[in-house]
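For the sequence shown, the residue numbers in mature numbering (1 follows the signal peptide of the UniProt record, and there is no 0) are -33 to -1, 1 to 254. The C-beta atom is built at its ideal place from N, Cα and C for all residues, glycine as well. These numbers come from a predicted model, not from an experiment. Notes follow the structure.
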Amino acid sequence: MSDDHINSLMPKLDMTRRGFVSAAVLASGYALAVSPASAQAIATDHVGLVTGAVMIPTGGAAMPAYAAMPGGKGPFPTILVVQEIFGVHEHIRDVCRRLAKLGYLAVAPELYFRQGDPSTIAEIPAILSTIVSKVADSQVLADLDATAAWAAANGGDAKRLGITGFCWGGRITWLYAAHNPRLKAAVAWYGKLAGDATTLTPKHPLDLAAQLKAPVLGLYGGADQGIPVDTVEKMRAAAKSAKVPVEIVLYPDMPHAFHADYRPSYREAPAKDGWNRLVNWFRGNDL
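This is how it looks when you write it as structure tokens:
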């Protein structure tokens, strides 16, 4: 089944209630800034899944998102998938399908939809300056709450909610774990942990360690030039004040984005190990 046409499972569902729409509302393929994709990019099929674009009501607007779920009867435990700076391009959609194959309803909202489309911008600095720098944490957290509410009304189990995110989304994953008391578990992939306080980004994960409301697994690379090892160790120490379990795994000599199989930064061994840890973390926390 393609993202443009929901497979034969789809007519068995309530199309109005689930709100699946044309996948044209989401960027196709990989983001321009990271194209062409590496030949090693993982491609997860749609067999046995219901997948496609959805529109999620939030703050008086309609937010595009990509959802994937098993074809059987729910409700399914739900995983919010938070994008990299490149938006919900093919890699993030594939992660959703991987999670759906494991029995989850996985949904990735386009969290920059008010600010612009990063998939059409060729240079990473331009994405950061024209889009990412304008996105408020408060807006993102509210949009994730709306995504969780949509999932609960469309095949998801409201009592079994998790989140995972990559890079920019890794930082957001930590923030959401400090925000939503109904969250069961979180897995943050190489998310920024510290930074300057601004109007749009007033707090960072290091500031919120004691306020975490759900168990968090953090996955980091020892050679990540954007996240120094000493910052990771500070987070590990700060997390001891949390009232929930926190585990941080630091892969020696691994770069940033080591899970991104469509990019040169991909490292197969830690990516697979991290994914196995993600699965075990979710399952070990009733997801």
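Item, Value
"Beta-carbon separation of P24 and A113 under 8 angstroms?", "yes"
"Where does the unbroken alpha helix (DSSP H) through I59 begin, and where does it stop?", "57 to 68"
"Taking 8 angstroms as the threshold (C-beta atoms), are D197 and Y157 in contact?", "no"
"So what's L175 in DSSP terms, helix, strand or just coil?", "helix"
"So, under 8 angstroms CB-CB, R138 and K151 are touching, yes? Tell me the CB distance rounded to an integer number of Å.", "Rounded, the Cβ-Cβ distance is 20 angstroms, inconsistent with contact."
"Between D124, V99, V107, Y79, which lies nearest to L149 when the distance is taken from Cα to Cα?", "The displayed chain sequence assigns Arg, not Leu, to residue 149. Comparing Cα positions, the closest option is D124."
"Ordered along the chain, which non-local residues of its own chain (more than five positions away) have a Cβ less than 8 angstroms from that of G70?", "P37, F43, P44"
"When the distance is taken between beta carbons, is L173 closer than 8 angstroms to M202?", "yes"
"Just reading off the beta strand (DSSP E) that M30 is part of, what are its end residues?", "28 to 37"
"Taking just the CA atoms, how far does L142 sit from L175?", "7 angstroms"
"Can you check DSSP and say which residues form a bridge with L217?", "Y187"
"L186: which of K210, A227, V107 sits nearest, CA to CA?", "A227"
"Using a threshold of 8 angstroms, state whether the C-beta atoms of V211 and A181 are closer than that.", "yes"
"Can the beta-carbon of L63 be found less than 8 angstroms from the beta-carbon of A34?", "Checking the sequence shown, residue 63 turns out to be Cys, not Leu. In this structure, A34 lies closer than 8 angstroms to C63 by Cβ."
"For the candidate residues A73, V55, V1, I215, whose alpha-carbon lies nearest to that of F80?", "V55"
"Mind listing, in chain order, the continuous alpha helix (DSSP H) runs of no fewer than 4 residues lying wholly within the stretch 71 to 158?", "91 to 97, 104 to 120, 135 to 146"
"For M202, write down the residues that DSSP places opposite it in a beta bridge.", "Answer is none; M202 lacks a bridge partner."
"Grab me the residues of L108's own chain with a C-beta within less than 7 angstroms of its C-beta, minus the 5 sequence neighbours each way, in chain order.", "L142, Y143, H146"
"Could you compute how far the alpha carbon of L16 sits from the alpha carbon of D163?", "42 angstroms"
"According to the neighbour-count rule (16 or more other Cβ atoms, all chains shown, within 10 Å of its Cβ), is I59 buried or exposed?", "buried"
"So the candidates are K40, V216, Q106, I130; which of them puts its Cα closest to the Cα of A28?", "Q106"
"L72 and G39 look like a contact to me (Cβ under 8 angstroms); what is the Cβ gap, rounded to whole Å?", "Contact flag wrong, Cβ pair sits at about 11 angstroms."
"Count the other CB atoms, across all protein chains shown, that sit within 10 Å of the CB of D12; report buried if there are 16 or more and exposed otherwise.", "exposed"
"Quick check: the Cα distance between A10 and D61, rounded to an integer number of angstroms?", "7 angstroms"
"When the Cα atoms are used, what is the spatial distance from F249 to A(-3)?", "28 angstroms"
"Got a sec? Which residues, its chain only, sit under 7 angstroms from A118 by beta carbon, not counting five neighbours each side?", "T45, L72, V74"
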